[in-house]
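Notes to accompany the following structure.
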Amino acid sequence: MSIRLRHLLYLSLGAAGAVVAVLWLGLIQISASSGHWGVTDWVLHSVMRQSVKFHAPAKEPPPLDDPALVRRGAGHYESGCAACHGSPARPRGAVVMQMTPHPPDLADRIDDWRPAELFWIVKHGVKFTGMPAWPTQARDDEVWAMVAFLQAMPEMNARDYRQLAFGPEEGEGDAADLSTSVRPAEADCIRCHGTDGLGEANGAFPRLDIQPEPVLYAALKAYADGHRASGIMQSAASGLVEADLRELAAFYTKVVPLAGASVAADTVDGDLLARGEAIATHGIPRRDVAACDGCHGAEAAARQPDFPRIAGQYPGYLRNQLALFADEEVERGGGRFKDLMTLSAHTLEPDEIEAVALWYASREPLGYRRGEEAGAVRPEE
Amino acid sequence: MTNRPAKVRRRPSGPARPSLVALPILLMIVAGCDGPQSALSGAGREATDVSRLFWVMLVGGAAVWIVVMGTAIFAVLQPPRGARVGNAFIIGGGVVFPVVVLAALLAYGLSMLPDWAQSGTRLKVHVTGEQWWWRVAYELPDGTLVRDANEIHLPAGEPVEFVLTADEVIHSFWIPAIGGKMDMIPGRTNRLVLTAEKPGTYRGVCAEYCGTSHALMAFSAIVHERDAFDAWLAGQAKPAVVADSVGARRGRDQFIAAGCGGCHMMRGVVELGDVGPDLTHVGSRRTLGSGILPNDRETLEAWVRNPDHLKPDVAMPGYAMLPDADIAAIATFLEGAK
Numbered sequence: 013m014s015i016r017l018r019h020l021l022y023l024s025l026g027a028a029g030a031v032v033a034v035l036w037l038g039l040i041q042i043s044a045s046s047g048h049w050g051v052t053d054w055v056l057h058s059v060m061r062q063s064v065k066f067h068a069p070a071k072e073p074p075p076l077d078d079p080a081l082v083r084r085g086a087g088h089y090e091s092g093c094a095a096c097h098g099s100p101a102r103p104r105g106a107v108v109m110q111m112t113p114h115p116p117d118l119a120d121r122i123d124d125w126r127p128a129e130l131f132w133i134v135k136h137g138v139k140f141t142g143m144p145a146w147p148t149q150a151r152d153d154e155v156w157a158m159v160a161f162l163q164a165m166p167e168m169n170a171r172d173y174r175q176l177a178f179g180p181e182e183g184e185g186d187a188a189d190l191s192t193s194v195r196p197a198e199a200d201c202i203r204c205h206g207t208d209g210l211g212e213a214n215g216a217f218p219r220l221d222i223q224p225e226p227v228l229y230a231a232l233k234a235y236a237d238g239h240r241a242s243g244i245m246q247s248a249a250s251g252l253v254e255a256d257l258r259e260l261a262a263f264y265t266k267v268v269p270l271a272g273a274s275v276a277a278d279t280v281d282g283d284l285l286a287r288g289e290a291i292a293t294h295g296i297p298r299r300d301v302a303a304c305d306g307c308h309g310a311e312a313a314a315r316q317p318d319f320p321r322i323a324g325q326y327p328g329y330l331r332n333q334l335a336l337f338a339d340e341e342v343e344r345g346g347g348r349f350k351d352l353m354t355l356s357a358h359t360l361e362p363d364e365i366e367a368v369a370l371w372y373a374s375r376e377p378l379g380y381r382r383g384e385e386a387g388a389v390r391p392e393e
Numbered sequence: 011m012t013n014r015p016a017k018v019r020r021r022p023s024g025p026a027r028p029s030l031v032a033l034p035i036l037l038m039i040v041a042g043c044d045g046p047q048s049a050l051s052g053a054g055r056e057a058t059d060v061s062r063l064f065w066v067m068l069v070g071g072a073a074v075w076i077v078v079m080g081t082a083i084f085a086v087l088q089p090p091r092g093a094r095v096g097n098a099f100i101i102g103g104g105v106v107f108p109v110v111v112l113a114a115l116l117a118y119g120l121s122m123l124p125d126w127a128q129s130g131t132r133l134k135v136h137v138t139g140e141q142w143w144w145r146v147a148y149e150l151p152d153g154t155l156v157r158d159a160n161e162i163h164l165p166a167g168e169p170v171e172f173v174l175t176a177d178e179v180i181h182s183f184w185i186p187a188i189g190g191k192m193d194m195i196p197g198r199t200n201r202l203v204l205t206a207e208k209p210g211t212y213r214g215v216c217a218e219y220c221g222t223s224h225a226l227m228a229f230s231a232i233v234h235e236r237d238a239f240d241a242w243l244a245g246q247a248k249p250a251v252v253a254d255s256v257g258a259r260r261g262r263d264q265f266i267a268a269g270c271g272g273c274h275m276m277r278g279v280v281e282l283g284d285v286g287p288d289l290t291h292v293g294s295r296r297t298l299g300s301g302i303l304p305n306d307r308e309t310l311e312a313w314v315r316n317p318d319h320l321k322p323d324v325a326m327p328g329y330a331m332l333p334d335a336d337i338a339a340i341a342t343f344l345e346g347a348k
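First to last, the protein sequences are chains A and B. Per the working numbering, the very first residue in the first sequence carries number 13; after that it's consecutive. Per the working numbering, the very first residue in the second sequence carries number 11; after that it's consecutive.
Okay, here's the thing in structure tokens:
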């Protein structure tokens, strides 16, 4: 009895030693060129599918057919995903096909996954496959935008895709056309924010035409340094050098702000608007909520180019940013006054955020020049 | 014991020691009985009443104590003298005397309750306890409110009605030299009538623990002659004065440009938020930070830069992100806003 047990012990020690030796001597083949054995491939994929299914969040996704979400996801798909997964406008390149495993063409795979599973894959990435995580774990709203786009992509032809990923103006031509008229870094901005900084007016992207240069610079800088969480803008800004950031911040400041609110006041519930106005102009003294106009009103804006201008901004963007400022878990970087905003936002209730976002959205932008053509470029002064 | 060298020698204690320790303490206590925050200095009718009540109660209480204790000691020391004499002592010294004295003290105390019937015509001062400062508004006869903060001004010789409430937690309003105190309770209005008598500057405090900086929540109470009070109130009703200098005007612009108006009213300059103290005439106040620091340039700049350092957990954010020149300009402007 005892002799047999001792033999088993020797045997297992010997086997363990052999495994270590094989690993240590470098005998294991890790070449991508040789691919996986069939069984390895099957095991890895099955484990991945089961894991995603198990970990996918149970919470309800936002309405994924929202065109603004699809548009926001498309802009980033082109810069972040298309190089490996291809797109309706271009097939996967020969280089990525030599990856093991090679990235799938998503058009015929999307239907295999529930939205929550796609969300989990996009947010967290997949080990051992080359699929990266979303650049920040703090922006589920952006991940859902990507899911919204992914769900819409299988139906798209090349032209549809180009319009979404490069903007309506460039959708007809070739992506390369952009680089002939503007600098490459600017072309990347224009794909989503347009030449006029309006981001197509559907609320997918914030209005940039209303912002002073220091605000745009501070935002770009915070994205580039990783202090302001956004998978989309961090990827766009992180590769840029200081001179690029300065140049890009100046780019949209040359645009004349378009007159007109982003939401018509008569389409909004009057009580809600009145509530928003009260918070904007007087704050909520009993709960230490400052009056937003103290920094974002005309008087302060006329004297302080570092305060973001929010009158005329899209309500969805305002709502989302207020929620990010209110979230104590997430660092919401920005300019030198950002801590004031964190302090002001963290006591606001969701219905108050809604009211104040709609109030500012229904206002004329500060500093617009009536009578000038929308998006006209200011003459150099 | 005797063989061991006394390494740890106990301090010798004797009858002389306690009095040596008690003397400075007694001196300190006596020294505290005067000055701008003394309830015994009698600068107001109510404080005088309270002070008199204190002495009357002290004398009455002392009489009861002496008689009861005297009777008890007498009973112990004397040989028994029979039930009748004993009962007379117990009933006379232990029951009748205290009941009579205490009833008299109660009647005297009750007679001092304020007479609310004459309410109406007098000056009303609304005071709200905030964490950790005082929101003040003077109600004029026509109902308009003149707003101020962290200072109370009173006309001498007239009853003034304080309308007291609080914002988030319970505070207590107390000007010991003039009268009080009265709790300030969120969602409830308490009234307190005080009559200041001697012109002068006194100190008021929050007398109910209200959070981290409770001990840093005080205010100046300034009693004027009637004419001087009227002139002061008329001055407060006016919009802020921007001193006629480039520095002050630059400071006003920096004040607006730093977003101060989001929380601070400054009538005539910026009238938006109303979260923090009204600053319309901040330059004329005696103190900063709600009665804790002198109102001077150095304090103004330090406060703007990092108020939490001076008053822990204060709601105001620090403005250390501003360049020194901007903070200096804001201080110049605030200093001039008399």
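Virtual Cβ for every residue (Gly too), placed ideally from N, Cα, C.
Taking the straight line between their C-alpha atoms, what separation do you get for residue i and residue j?
i        : j        : result
B:Gly245 : A:Gly306 : 26 Å
A:Gly238 : A:Asp152 : 17 Å
A:Glu184 : A:Leu176 : Note that A:Glu184 scores 47 on pLDDT, short of 50, meaning its location in the model is unreliable; the coordinates nonetheless yield the value given after this. A:Glu184 and A:Leu176: Cα-Cα distance of roughly 11 Å.
B:Arg19  : B:Leu310 : With a pLDDT of 46 at B:Arg19, under the threshold of 50, the modelled position of this residue cannot be trusted; read the value that follows with caution. Roughly 53 Å between the two C-alpha positions.
A:Asp77  : A:Ala160 : 7 Å
A:Ile42  : A:Pro115 : 18 Å
A:Glu343 : A:Tyr235 : 11 Å
A:Gly282 : A:Ala303 : 20 Å
A:Pro297 : B:Gln264 : 23 Å
B:Gly269 : B:Val60  : 46 Å
A:Ala230 : B:Ile180 : 42 Å
A:Ala199 : A:Trp156 : 25 Å
B:Met275 : A:Gly309 : 15 Å
A:Arg203 : A:Ala216 : 12 Å
A:Ile122 : A:Gly26  : 47 Å
A:Lys233 : A:Ala255 : 11 Å
A:Ala119 : A:Thr279 : 39 Å
B:Gly257 : A:Ala312 : 18 Å
A:Ser374 : A:Ile291 : 14 Å
A:Arg83  : A:Ser99  : 14 Å
Can you tell me whether residue i is buried or exposed, with buried defined as 16 or more other CB within 10 angstroms of its CB?
i        : result
A:Gly251 : exposed
A:Thr359 : exposed
A:Pro103 : exposed
A:Asp189 : Unreliable placement is indicated for A:Asp189, whose pLDDT of 49 sits below 50; no coordinate value is reported for it.
A:Arg299 : exposed
B:Lys191 : buried
B:Phe239 : buried
A:Phe131 : buried
A:Phe140 : exposed
A:Asp221 : buried
B:Gly84  : The amino acid occupying residue 84 of chain B in the given sequence is Phe; Gly does not appear at that position. Result: exposed.
B:Lys321 : buried
B:Ala159 : buried
How would you list, in chain order, the residues of chain B whose beta-carbon sits under 7 Å from the beta-carbon of residue i?
i        : result
A:Leu352 : Gly269 and Pro327
A:His294 : Leu282, Gly283 and Asp284
A:Ala302 : Gly272, Cys273, Gly283 and Val285
A:Asp305 : Leu282
Since residue i and residue j are thought to touch, with beta carbons under 8 Å apart, how far apart are those beta carbons, to the nearest angstrom?
i        : j        : result
B:Gly138 : B:Gly103 : This sequence places Thr at residue 138 of chain B; Gly is not what is there. Their Cβ separation, rounded to whole angstroms, is 51 Å, which puts B:Thr138 and B:Gly103 out of contact at 8 Å.
B:Leu174 : B:Glu56  : In fact, because the Cβ distance is near 14 Å, the residues do not count as touching under 8 Å.
A:Val267 : A:Gly209 : 5 Å
A:Ala249 : A:Gly324 : Contact doesn't hold; Cβ gap of about 24 Å is too wide.
A:Val108 : A:Cys96  : 5 Å
B:Arg307 : B:Ala253 : Going by Cβ atoms, the distance from B:Arg307 to B:Ala253 rounds to 13 Å, so no, they are not a contact pair.
A:Leu260 : A:Cys201 : 6 Å
B:Ala166 : B:Lys134 : Actually they do not touch by this definition, with Cβ atoms about 17 Å apart.
With which residues is residue i paired in a DSSP beta bridge?
i        : result
B:Cys216 : B:Phe183
A:Gly324 : None, per the DSSP bridge assignment.
B:Asp193 : B:Ser182
A:Asn214 : In the DSSP output, where bridge partners are listed per residue, A:Asn214 has none listed.
B:Ser121 : None; B:Ser121 has no bridge partner.
So which residues of chain B does residue i contact, with C-beta pairs closer than 9 Å?
i        : result
A:Phe319 : Ala267 and Gly269
List the residues of chain A whose Cβ lies closer than 7 Å to the Cβ of residue i, in chain order.
i        : result
B:Met331 : Arg348 and Phe349
B:Asp263 : Arg315
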